[in-house]
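Residue numbers (the numbering used here), protein chains in the order written: chain V, 1 to 316; chain A, 317 to 856; chain Y, 857 to 1295; chain G, 1296 to 1681.
Before any comments, here is the structure.
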Amino acid sequence: MSDSIIQKVADEFRALSEPQGNARPPAGPAPAAAEPVGNGAVHGEPFVSPHPYATVLHDRRLAAEAQGLARRDTLLYLNGVTKSFDGFKAINNLSLVIQKGEMRAIIGPNGAGKTTMMDIITGKTRPDKGEVFFAGDVDLTHHDEAAIASMGIGRKFQKPTVFESHTVEDNIRLSLAGPRSVLGALVHRKDRAERDRIETILETTRLTARRKTYAANLSHGQKQWLEIGMLLAQDPELLLVDEPVAGMTDAETEETARLLREIAQHHSVVVVEHDMHFVRALGVKVTCLHEGSVLSEGTLDKVSNDPKVIEVYLGR
Amino acid sequence: MNRSIRWLLAGLAFVLFVAPAVAQQAADPAAIVQKFGGKQSYDDTEAVISELARTGDANVARALRALRDGDLYWRESDEAVFIGKRKGDDYEIFDPMTGEAAGTVPRGEMQKVRVKNSIRNAVTTALGSLTLGADSAAQRMRAAETLFSEADPEMIEPLDAAIASEEDAGVKARMEEARASAVLVSDRPAEEKAAAAKILANRADRESLTMLTRFAGATDDPVAKQAAEAAIVAIQNNIAFWNQMQNVWYGLSLGSVLLLAAIGLAITFGVMGVINMAHGEMVMIGAYTTYVVQEFIRTNAPGLFEYSLFIALPLAFLVAGAVGLVMERGLIRFLYGRPLETLLATFGVSLILQQAVRTIFGPSNREVGNPDFMSGAFDLGLMSVNWNRLWIIVFALVVFAALLAVLNKTPLGLQMRAVTQNRKMAAAMGIRTPWVDAMTFALGSGIAGIAGVALSQIDNVSPNLGQGYIIDSFMVVVFGGVGNLWGTLVGAMTLGIVNKFLEPFAGAVLGKIVVLVLIILFIQKRPRGLFAQKGRFVEA
Amino acid sequence: MRSAITWMQKTAAAATITAFSLSGAHAQDTKPSGEPIKVGILHSLSGTMAISETTLKDAMLMLIDEQNKKGGVLGRPLEPVVVDPASDWPLFAEKARELISQDKVAVVFGCWTSVSRKSVLPVFKELDSILFYPVQYEGEESERNVFYTGAAPNQQAIPAVDYLMGEGVERWVLEGTDYVYPRTTNKILEQYLKDKGVAAEDIIVNYTPFGFSDWQTEVSKIKEFGSAGKKTAVVSTINGDANVPFYKELANQGIKATDIPVVAFSVGEEELAGIDTGPLVGHLAAWNYFESVDTPENKDFIKKWHAFIGNDDRVTNDPMEAHYIGFNMWVKAVEKAGTTDPDKVIDALPGIEQANLTGGTSKMLPNHHITKPVLIGEINDEGQFDVVSETDDLVPGDAWSDFLPESKKLEADWVDLKCGNYDTEAKKCLGDTMAEKSN
Amino acid sequence: MLLARFLGPRVWILVAVILAAAILVPLANLALPPDHALHVPSYLVPLWGKYVCYALLALSLDLVWGYVGILSLGHGAFFALGGYAMGMYLMRQIGSRGVYGNPVLPDFMVFLNWKELPWYWLGFDQFWFACLMVVLVPGLLAFVFGFFAFRSRVTGVYLSIITQAMTYALLLAFFRNDMGFGGNNGLTDFKDILGFPIQAASTRAGLFAASCIALAIAVLLVGWITRSKLGKLMIAVRDAESRTRFIGWRPQYVKLFAFTVSGIMAGIAGALYVPQVGIINPGEFAPVNSIEVVVWAAVGGRGTLIGPVIGALLVNYGKTVFTAAAPEFWLFMLGGLFVFVTLVLPRGIVGTIDHGWDALRSIRRAKDAEKDESGGDAQAVPGPAE
């Protein structure tokens, strides 16, 4: 923990001393992801000040403005994010933008950094450097998991993690959006609105019949759905869904794809998945990660025909 | 004290100047030795000693040494004095002057010549005066040392004479220091005292500091005073330096004890995740094995006593390892994946083992002796280094290195690491995981047993032995970082040194409390210990 | 549970009878009959204090067995009731209550540490029973229900210091474990030494925790203190477990008894059994009894002990002798009172005399302490002590030290004053000791 | 009452039994003649009172261990601190009845030559102040310790070991005579509480009843907490701490709440314990004592309301019986019991019964071909994960 703080201080220091480094976003070394955002204005007017520090300040102001422009309408904005574990770069200068209301599929071979990316977005892991913004201007690197979850980013894990000692209903009840104070929970009363909400979610996730079952006794697919139900209960702006159909039957996979499309009507969703059939069934824009950075992006057909992608998937 | 100085003086003068000439005319020493016989008061004994010292006959040294060591006896029937050596229920007796054997006598017929500390001191002084002129440089050295601490102005002249005829440089230096200490308290001129202060400043130990301080307070002469004060500052700096060194040394030594106690736990707890509350009892079993080995050697092969620890080491490893093996097979293996439950079960085992040892060996302390190479100390500057502490440090490091080698270089170590990292995968690769578990636990327990051999040299061997180390061991492993042997090493040494640097200021109790609080605070900063396992699979 | 106790006792009794019939020493005089008189034994058999207390339990079993052979008490047999308070102080109180209320014992022999005594004290007062306490302690106490057969500070510490002063000691290290016995003893000694003209800078007092095992720094401090040119001695009130590492460290740092002698008040034959005494020869201990004392009574006692325990290597020590004296005094008092009723026995006890094992006759005093000889012994290489000094007369135990300002004015007398803490200045009994008994 | 449905009949039976004991035991002790068959001898009342205090302590540990998964090896510290706060009040009540007759200073301060009462002893002559401290001191320690430890995400064995370090440090500190808490001897020789003589049978009976009532309240309190949404959250934290974070909860505050409440409960147990056993000394801080509490809870069944209570009563009753019946062998029995329980009854006595009952029920349901196979009682959940 202290490491990351030190790291952060060091980064800030570096940002101070070399403003035209990673502080200027899409002009950085990984422009691939930043197509939709224009920033020609910054490049257009070189600024020379008689005083070096004034130059620094000016550059930083411009950089900030550029960022603000770039981020304004995004829901999730990752820029130049890097994270390494013991020298291994799990995420390497990753830049990724999700628009509001978008549903995005992320594919990539094992070790491409998908899970680490999720960890960074949800606050479990702090990046070594780079920016992570939510809803335009919330810097996610400054918040912990609980705060990020409360802001409206929900996450479903690769391995379904539900509260096995609780019933399906209680799992959802604990996840319902609402105050998160401890003493509030102590004096909490179940009310009509809460029951209705739970009812809706149970129906959406096809778990109504199992509402009193302990989560431990659910089948694998049901646990996946329960976890998605818990996500819905949080009513998040953005859902991060990690391999939702791993280990599912074809029928279940179909059903899950339908469920996700349904959800995507009211939420932004990022799905990480291996299963190409499933991704095709989703029918959304696809980003392919490789070795911690974006390899290709576009429709599934475009991505799957990209020679770089073909090389990564087939070439080894 | 004063009286003994006077004998010493007398003896010294005698030996140096008169003895060679008049020795033949003096009273027969053998007859004087016989005066030790019969019931007598300590004062009587002391008088006989001084009488013997006055003979100046080096032959009486045998009887005096026997007296000091409590080996001098007199026969009840005729009050004749002999040197006695116990042999079963009898004494073998020897002539006090010649050392010739004089047969065996039942114990009941002999009475010991009673001694106490003041008698032993008198004997030492007498022996000193008798042997100052002796050929042995070591004995002359000892005499000079004695004179140094006595610091008697009347000794200046005899010392001058001795210095003049001394050939051994080392002894000569000691004699000069002795002379300087005497000069300081004499009424010699100030310049001479200033010179003496310089000599003492070069000696630079606590005794010379005391003398100089006393002198600086007493003298009126500005020159001598200044010299003394300069010397005092120099000595104080020297002492302060060596005090720090001493603290480091003590810290390392305490650290090595902690390391020994914790290193087995670093395996059973650190590597296997078993919260082994019976770890201390494994250490205890090792210590008791040492006891049994020594008892066996004492009765059957006394000559092997010096090697008893080396014999005990493998046995302790095997015995404690076997107990560990039984524990693992019978208990722990049912509890993998439930670390907190191993705490309860092993706590139960620790109670049972403690009571078992209490039942078998009795509740009181057992005697484990130190072989000669583990006894005594030597001086390094102003710091005294105990042989047993030194060997324990060396031993702890050797055990650490060996364990590291086992883990990193042997097939067993490879399999162990494989099993702890991914049990299922290891099993799929054909590793017999139950066997590896059993061996790992036995190894950890065996190492604890080995630690017990070393700890038996400095601590009680009692059923409570393990209890004293268990908490500290867990602190060390957790502080260092679970699952990392290097963490255990650094953790143990750090805690040892911090503790020893705190002790002089805070006292033993507060020092320990502070260390505990520091550990608690440290864990806040690094919740996984000093050498935390890193990587993205470690759950935050 | 009851049957389990009887079973235990039967086994114990059978074992002892076998032991004695083998030794063939006794022809039974009269066979005791009738309802047995129960004697409670309250010594820790597990936990940290088991190391010292287990022996006392065995000693008591032996004494009771002996007495039964001699015809019991009042013609009735004695029956020991053994419990294990497990070195757990509140458990001492619980077990004491159980012994008195449930087992209805006539008397209890037990406790070692001060805290265990303090813990059971209210129980004995409340239930009005008798406790014999066999261990040297800090004094500052005299209770109607307790008889102190161990040494008070004036029966151990002060004569020891006197002896060392006679040997030319001028500088003093008072080294102790941090609990009430060393604290009080050192306080008394400090005052005593200052009264004798020892300068404040020639005394250091130092405390270490229980079970302290790393003595390096402490011992080197002593060494440094002792290198000042004056003859230095250590007065050790170090408790139990910490002693072995302390002595081992002394030996290793080369401190010989001839340089800096250590006189200990808590180190006896039992403690030395765990140490190689070769390097310790000449260090001292002050007690009221040593196994090496050469008297017929002592020889007899040691012989019986070895026969009873079935091991010739087991040593005897001072608290065992205290139990020997205490037990025999109780027997005499019961015979004198003609009943085991605690109130009558308590009244009968002061004035009872009993030959001790060192050749004198100890007497129970009105303050519930006894008269004892004080012996100073030097450790020899056989793990025994050679007596080097002995007080001329028996020293009466003083409940309230004259060297503590607060207790100087206090006096204990349960015969005339009926008070354990009588203020001789205000001429009244302090606290509620009196009040409680009078209503 | 709402709680009735909430807690289930078994808990109410337990509460009823405890409250019945609170009334009947004192009655049987005071009102019945000594030769009556149902008479409870006076010596048993404080003994049972002690068990009840231990039961409360075990329950407090269960709240953090059984429900939140924090294995505290330092709960004895809170117990002892509560005990010391009460002991200080009792010491002040002695007044001039001490052996030196000093009206203000306790005896141990007099013979250590203290001239005046240290500041932290002020106020303890008032019962209300002592009661406040009984709650405040352990509560504050638990809060501060918990705040830092949980904020830093110290978990699992690391947390267990530092709780042990905490109680060990306190043990050493309270051993020091310079601390002004009586050193190794602690506080003892109490005379009266609220004006009642502490050794009187009626006072003892009153204390016993008070302990029972405290235990009953604690059972209800823990029942209420664990059956509330917060209780479900606690179990969620116990089973999957990081998951709770990703749905927006801050598990550190959940833990802190449980730890603080638990510390206060332990403190109250200690305060009730001291007047009944008549002594408080640093031995109560010994790490081994804290481990024993864990054992009681484990034997009875953690994660249940009844388990720790039954475990504490059973183990301590066994200790009382065997230390007298088999003084040389009782440690074998105690040690054997721990091994047996962990091997054969990993859920503890109550947990095992529950589990068996649950399994039985699900078999029956399976026979009925019912799709819903779950049980109703939240206690019968699958065994707590570590």
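Every residue gets a Cβ at the ideal spot worked out from N, C-alpha and C, and that includes glycine.
Remember, it's a predicted structure, so these values are computed and weren't measured experimentally.
Indicate the three-state DSSP secondary structure (helix, strand or coil) for M1386 of chain G in the structure shown. helix
So with Cβ pairs under 8 Å, would you call Q1109 of chain Y a contact of chain A? yes
Less than 8 Å between the C-beta atoms of T287 of chain V and E297 of chain V, yes or no? yes
Please confirm whether V1549 of chain G has its beta-carbon closer than 8 Å to some beta-carbon of chain V. yes
In angstroms, rounded to a whole number, what distance separates the CA positions of H188 of chain V and P655 of chain A? 34 Å
Neighbour list for Y1453 of chain G in chain A, Cβ cutoff strictly below 9 Å: Correct list: V794, V798, I839, P843, R844 and G845.
So, are the CB atoms of S1557 of chain G and C1348 of chain G less than 8 Å apart? Going by C-beta atoms, S1557 of chain G is not nearer than 8 Å to C1348 of chain G.
Within chain A, the residues that D1242 of chain Y reaches when beta carbons sit closer than 9 Å: G386, K428, R430, V431 and K432
Under 7 Å Cβ to Cβ from I148 of chain V, same chain only, skipping five residues before and after it: list those, please. Apart from sequence neighbours up to five positions away, the residues of its chain that approach I148 of chain V with a beta-carbon distance below 7 Å are T122, G123 and L140, ordered along the chain.
Chain A residues whose Cβ lies nearer than 7 Å to that of D1132 of chain Y: E683, G685 and N686
Nearest neighbour of R258 of chain V, chosen from V:A209, V:E237, V:A246 and V:T205 [CA to CA]: V:T205
Proximity test, Cβ basis, 8 Å: E873 of chain A and chain G: The question about residue 873 of chain A has no answer here: the residues shown for chain A are numbered 317 through 856.
Any idea if P1329 of chain G is buried or exposed, counting beta-carbon neighbours within 10 angstroms, 16 or more meaning buried? An exposed status is given to P1329 of chain G, since fewer than 16 other beta-carbon atoms sit within 10 Å of its beta-carbon.
Quickly, what does DSSP pair N1095 of chain Y with across the bridge? List them, please. According to DSSP, N1095 of chain Y bridges with nothing at all.
Select from Y:V1230, Y:H1179 and Y:D1197 the residue whose C-alpha is nearest the C-alpha of G966 of chain Y. Comparing alpha carbon positions, the residue from Y:V1230, Y:H1179 and Y:D1197 closest to G966 of chain Y is Y:H1179.
Per-residue DSSP class, three states only, for N1480 of chain G: helix
Ignore the nearest five residues each way along the sequence and tell me which others in T662 of chain A's own chain have a CB closer than 6 Å to its CB. N592, M593 and A594
Among A:L641, A:G596, A:L528 and A:I435, which residue has its Cα nearest to the Cα of A510 of chain A? A:L528
Using a Cβ-Cβ distance cut-off of 8 Å, determine whether A149 of chain V contacts chain G. yes
Below 8 Å, can you find three or more Cβ-Cβ pairs linking the stretch 1117-1129 of chain Y to the stretch 707-714 of chain A? no
Is it true that the CB of I774 of chain A sits closer than 8 Å to the CB of K1104 of chain Y? yes
Measuring only between beta-carbons, confirm whether G1543 of chain G sits less than 8 Å from chain V. yes
Cutoff 8 Å: Y1463 of chain G Cβ touching any chain Y Cβ: no
Is there a C-beta anywhere in chain A that falls below 8 Å from the one on S1148 of chain Y? no
By Cβ distance, which residues of its chain are closer than 6 Å to T1280 of chain Y, with the 5 residues on each side in sequence left out? K1265 and E1267
Take V271 of chain V as the anchor and find which of V:D119, V:H143, V:D242 and V:S84 has the nearest alpha-carbon. V:D242
Would you mind stating whether S821 of chain Y and W1256 of chain Y have Cβ atoms separated by less than 8 Å? Because chain Y is modelled from 857 through 1295, residue 821 of chain Y falls outside the range shown and cannot be assessed.
Name the chain G residues whose beta carbon is nearer than 9 Å to that of K660 of chain A? Sequence check: residue 660 of chain A is Leu here, not Lys. Result: I1586, V1589, V1590, A1593, V1594, F1633, V1634, V1636 and T1637.
Kindly confirm or deny that the stretch 1021-1032 of chain Y and the stretch 971-984 of chain Y touch, where touching means at least three C-beta pairs closer than 8 Å. no
Kindly indicate which residue of A:A808, A:N702, A:E597 and A:P843 has the alpha-carbon position closest to the one of G765 of chain A. A:E597
Please report the distance separating the alpha-carbon of N39 of chain V from that of R71 of chain V. Annotation note: pLDDT 43 at N39 of chain V (below 50); position unreliable, coordinate value reported separately. Going from the Cα of N39 of chain V to the Cα of R71 of chain V covers about 11 Å.
Please list, in chain order, the chain A residues whose beta carbon lies closer than 7 Å to that of A1129 of chain Y. S680, N681 and E683
Note down the Cα distance separating L823 of chain A from A717 of chain A, rounded to an integer number of angstroms. Checking the sequence, you will find Gly at residue 823 of chain A rather than Leu. Roughly 33 Å separates the two Cα atoms.
Nearest to G386 of chain A by alpha carbon, out of A:E392, A:R378 and A:M491? A:R378
Under 8 Å from the C-beta of R440 of chain A: neighbouring residues of chain Y: Looking at the sequence provided, one finds Thr at residue 440 of chain A rather than Arg. The contacting residues are T1114.
Spatial distance of G1451 of chain G from Q840 of chain A (CA atoms): 13 Å
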